[in-house]
Each structure stands twice: as C-alpha cells, then as structure tokens.
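Here the structure is laid out as structure tokens; the discussion comes afterwards.
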Amino acid sequence: MANSVQFVTDDSGQKTAVVLPIAEYERLIEDLEDYAAIADRRKEPTISHEQFVSELKQDGTLPS
0 MANSVQFVTD DSGQKTAVVL PIAEYERLIE DLEDYAAIAD RRKEPTISHE
50 QFVSELKQDG TLPS
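Take the sequence shown: its position 49, counting from 1, is numbered 48 in numbering that gives the first Met the number 0, and each next residue is one higher.
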C-alpha cells in the first residue's frame, strides 16, 4: 500500500502533507488506539498464567 501514498509539497519542494488510502488511515488509527490502551494498562497489576486459567475455569469460559 506504500505505493499509493502521495505527498503534498510547497513551492520549495518541502513535504507539507500526506495523502493515503482510507484503509491505511484506518489501520494507523486502530494501531494508535491499541498503543494508547497498552499505555493506559501498563501499570495495572498482573496475575500468573495459572491464576488466569483457574479464573477462566471458575467462570465457565474454559472447561474444568
């Protein structure tokens, strides 16, 4: 998809803006939102894999 990216330049040839396909823009926005969620959750407490599996079994998400 990089081939379809276009740059807008000023009179001196300096890049001032970029034009990209909507699908690429939406993918970039989704990635940005994912990174923001990761940053927000970085300081949340963690649990062990064993505890996580145990909780999934207790609530019926995984079979016992």
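Quick reminder that beta carbons are idealized off the backbone N, C-alpha and C, glycines included. These figures come from a predicted structure and were not determined experimentally.
For residue i, which option in the options has the closest C-alpha, if you only look at C-alpha atoms?
i: residue 50; options: 61, 41, 40; result: 61
By Cβ distance, which residues of its chain are closer than 8 Å to residue i, with the 5 residues on each side in sequence left out?
i: residue 3; result: 19, 20, 23
Where does residue i sit, in a helix, a strand or coil, going by DSSP?
i: residue 14; result: strand
i: residue 7; result: strand
i: residue 53; result: helix
i: residue 32; result: helix
i: residue 40; result: helix
Hey, residue i and residue j are a contact pair by Cβ (cut 8 Å); roughly how many whole angstroms apart?
i: residue 56; j: residue 47; result: Incorrect: roughly 14 Å between the Cβ atoms, too far for contact.
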